[in-house]
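Just so we're aligned, residue 99 is where the sequence shown starts under the working numbering, counting upward by one. Cβ atoms here follow ideal geometry from the backbone N, Cα and C, with glycine treated the same way. Written out below as structure tokens is the structure these notes cover.
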Amino acid sequence: MSSIYDNPYTALKTIFHEPNRLAIMSALCSSADGLTFKELKESCELTDGNLSRHLKALEEAQVILIEKKFIGAKPRTTVVLTDIGRESFVDYLKALEEVLKKAAEAVAAGGEEGISLPLAWIKPANA
């Protein structure tokens with residue numbers, strides 16, 4: 099049985115790899131009840147249009163749900179992670195971590211000067 103550690107590159111999902119969508123997913127992970135459109139916009143520092151575009155892509159991938167309702171007379175849009183979305187994002191983060199570790203090990207083994215990497219990224223060869 100193979101795992102992300104056999105070839106983590108195949109587990110990198112392009113739906114999450116775009117920087118703004120990575121920020122959106124990361125922000126949503128912080129709240130089990132989801133976040134409002136306004137909270138996401140402020141947290142990720144995106145325009146209305148840019149956030150809407152990324153939310154549409156994430157919704158089409160079925161990793162988020164967009165809930166629209168009225169609170170009194172005011173509309174409120176809330177975005178929540180789906181169970182599949184949370185699981186897929188965690189798998190993506192694990193794969194990304196493994197890719198970064200491999201890159202750090204390669205740089206360290208190559209003796210590149212002037213590149214400083216966090217020690218936690220560099221796994222000893224015998225570990």
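Query, Result
"Own chain partners of Ser186 with C-beta closer than 7 Å, once the 5 adjacent residues on each side are dropped", "Lys111, Val161"
"Helix, strand or coil at Val177 [DSSP, three-state]", "strand"
"Residues of its chain near Phe114, where Cβ-Cβ distance is below 7 Å and the 5 sequence neighbours each way are ignored", "Leu120, Met123, Phe187, Tyr190"
"Lys172 versus Lys166: straight-line alpha-carbon distance, rounded", "11 Å"
"Extent of the continuous alpha helix (DSSP H) run through Leu153", "146-158"
"DSSP-derived helix/strand/coil call for Lys167", "strand"
"Bridge partners - Thr134, DSSP secondary structure assignment", "Thr176"
"Nearest residue (CA-CA) to Asp181, options Pro117, Ser141, Ala193, Asp131", "Asp131"
"Bridge partner(s) assigned by DSSP for Ile182", "DSSP, once it has assigned bridges, lists no residue as partnering Ile182."
"Cutoff 8 Å; reference Ile164; Cβ partners in own chain excluding five residues on either side", "Leu153, Glu157, Thr175, Thr176, Val177"
"Leu149 vs Lys139 beta-carbon contact at 9 Å", "yes"
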